[in-house]
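Novice: Input: one structure, supplied below.
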Amino acid sequence: MNVNKLRYQMTDNAVKKTIKVICCCILLLAGKFCPGRQTDTATLYLDRAGTMYSNVWTKYRVPEYAGLFLENYPSRQTERVLFLYRVNKQ
């Protein structure tokens with residue numbers, strides 16, 4: 406009789422552990438595919454892009470690179486970008 410009770414307790418514990426594992430897996434998967442998490446990722450990438458832009462802005466906005474952030478670089482019409490000229494000639 407004691408052996409049967411022990412077997413029942415072992416199988417009951419195994420079932421409880423299995424149910425706990427399945428519930429944990431479901432919760433983990435639900436958290437991974439949560440729509441709120443995607444907006445957090447988008448915000449993270451936007452913050453990184455802003456940081457990168459500000460780093461470039463502060464490091465290269467010097468007289469040596471004057472006009473780098475203009476739409477048409479070089480900013481003076483007398484300057485030429487020679488590597489584009491060579492490609493067009495070939």
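Residues in the sequence shown are numbered consecutively from 406, following my numbering. Ideal Cβ positions, reconstructed from N, Cα and C, are used throughout, including at glycine.
Closer than 6 Å by C-beta to Arg-466: which residues in its own chain qualify, once you throw out the five before and the five after it? Chain order, please.
Specialist: Answer for Arg-466: no residue qualifies.
Novice: Closer than 8 Å by C-beta to Glu-469: which residues in its own chain qualify, once you throw out the five before and the five after it? Chain order, please.
Specialist: Around Glu-469: no qualifying Cβ.
Novice: Leaving aside the five residues before and after Ala-454 along the sequence, list all residues of the same chain whose C-beta is less than 8 Å from its C-beta, in chain order.
Specialist: Nothing listed; no residue qualifies.
Novice: Once the 5 residues before and after Val-496 are set aside, which same chain residues still bring their CB inside 8 Å of it?
Specialist: Nothing about residue 496 can be reported from this structure: the residues present for the chain run from 406 to 495 only.
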